[in-house]
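Notes follow once the structure below has been shown.
Residue numbers (our numbering): 334 to 553.
Dropping the structure here:
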């Protein structure tokens with residue numbers, strides 16, 4: 334709960350700073366762009382059961398697409414984004430979990446879809462009239478759109494709607510680097526300090542998710 338409150342405060346501070354910056358940069362024209370991205374998620378278990386992990390987790394490549402609004406009146410600026418993000422990952426029961434519950438727990442392959450809204454503070458490390466090399470950081474909110482889970486056991490697969498097993502809203506902090514030049518935008522980023530994205534079910538622990546993400550875009 335404390336992380337959620339901290340993330341909300343960070344969003345409020347970033348929004349206030351963005352308003353202040355825009356109010357003092359009347360001569361600057363914002364840049365609007367579109368982007369496509371690829372991601373590799375990292376799922377981590379929050380807490381252990383008797384000092385043992387419940388699931389072994391792994392991520393698979395996902396993708397996303399969206400729009401962004403970027404403006405940088407001086408060496409500092411802001412970027413707003415709205416993106417659709419597809420995230421794939423797998424839960425495979427650990428040896429301990431299989432001994433604890435029953436010997437034949439299925440492998441769970443998950444495919445979740447989110448709408449993500451990062452609000453990023455941009456700092457230009459190399460001011461230039463034709464190119465910008467930036468570092469950035471800021472809060473991100475992800476809203477769950479859909480979740481599909483495939484259970485695999487003995488060569489048989491069963492697919493189910495798993496939206497009820499995940500939190501509808503996930504908060505995290507994003508850090509990364511970006512490069513803008515001649516209508517093209519590139520960035521590499523990762524999430525830190527993510528809140529739980531699964532709901533606690535019976536005795537299973539919660540999990541948090543972060544992502545390594547790379548994107549390319551066009552701005553106008």
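Each residue gets a CB set at the ideal place from its N, CA and C atoms; glycine is no exception. Nothing here was measured: the structure is a model prediction, and the numbers come from that model.
By the 10 Å Cβ neighbour count, where 16 or more other Cβ atoms means buried, how is residue i classified, buried or exposed?
| i | result |
| --- | --- |
| residue 414 | buried |
| residue 441 | buried |
| residue 357 | Caution is warranted here: a pLDDT of 39 is assigned to residue 357, below 50, making its placement in the model unreliable, and no coordinate value can be reported. |
| residue 365 | exposed |
| residue 491 | exposed |
| residue 463 | exposed |
Determine the direct distance from the alpha carbon of residue j to that of residue i, and round the result to whole angstroms.
| i | j | result |
| --- | --- | --- |
| residue 406 | residue 393 | 38 Å |
| residue 400 | residue 412 | 10 Å |
| residue 524 | residue 378 | 16 Å |
| residue 504 | residue 476 | 9 Å |
| residue 459 | residue 452 | 22 Å |
| residue 471 | residue 456 | 12 Å |
| residue 493 | residue 485 | 12 Å |
| residue 424 | residue 438 | 10 Å |
| residue 495 | residue 454 | 34 Å |
| residue 408 | residue 461 | 10 Å |
| residue 548 | residue 520 | 5 Å |
| residue 388 | residue 528 | 18 Å |
| residue 502 | residue 410 | 26 Å |
| residue 473 | residue 508 | 10 Å |
| residue 489 | residue 450 | 37 Å |
| residue 534 | residue 518 | 41 Å |
Tell me residue i's beta-bridge partners as DSSP assigns them.
| i | result |
| --- | --- |
| residue 390 | 424 |
| residue 444 | 421, 481 |
| residue 378 | 540 |
| residue 373 | 545 |
| residue 553 | Partner(s): none; residue 553 has no beta bridge. |
| residue 451 | 473 |
| residue 278 | Residue 278 falls outside the range modelled here, since the chain spans only 334 to 553, and no answer is possible. |
| residue 501 | Its beta-bridge partners do not exist; DSSP assigns none. |
Note down, in chain order, each residue of its chain lying with its Cβ closer than 8 Å to the Cβ of residue i, except the 5 sequence neighbours on either side.
| i | result |
| --- | --- |
| residue 398 | 367, 368, 369, 370, 416, 417 |
| residue 448 | 415, 416, 417, 418, 475, 476, 478 |
| residue 532 | 497, 498, 499, 500, 539 |
| residue 361 | Only weak support is given to the placement of residue 361: the predicted model assigns it a pLDDT of 47, under 50, and the value that follows is read from those uncertain coordinates. If we look at residue 361 and ignore the five residues flanking it on each side, its Cβ neighbours are 404, 405, 406. |
Using a Cβ-Cβ cutoff of less than 6 Å, which residues in the same chain neighbour residue i once the five nearest sequence positions on both sides are dropped?
| i | result |
| --- | --- |
| residue 374 | 392, 420, 422, 542, 544 |
| residue 395 | 372, 419, 420, 421 |
| residue 403 | 364, 412 |
| residue 526 | 506 |
| residue 386 | 378, 427 |
| residue 443 | 422, 482 |
| residue 380 | 538 |
| residue 513 | 465 |
| residue 446 | 419, 478, 479 |
| residue 546 | 370, 372, 522 |
Return the chain-ordered list of same chain residues with a C-beta closer than 7 Å to the C-beta of residue i, the five sequence neighbours on each side being excluded.
| i | result |
| --- | --- |
| residue 516 | 551, 552 |
| residue 468 | 456, 458, 510 |
| residue 487 | none |
| residue 376 | 390, 392, 422, 540, 542 |
| residue 530 | 499, 500, 503, 540, 541, 542 |
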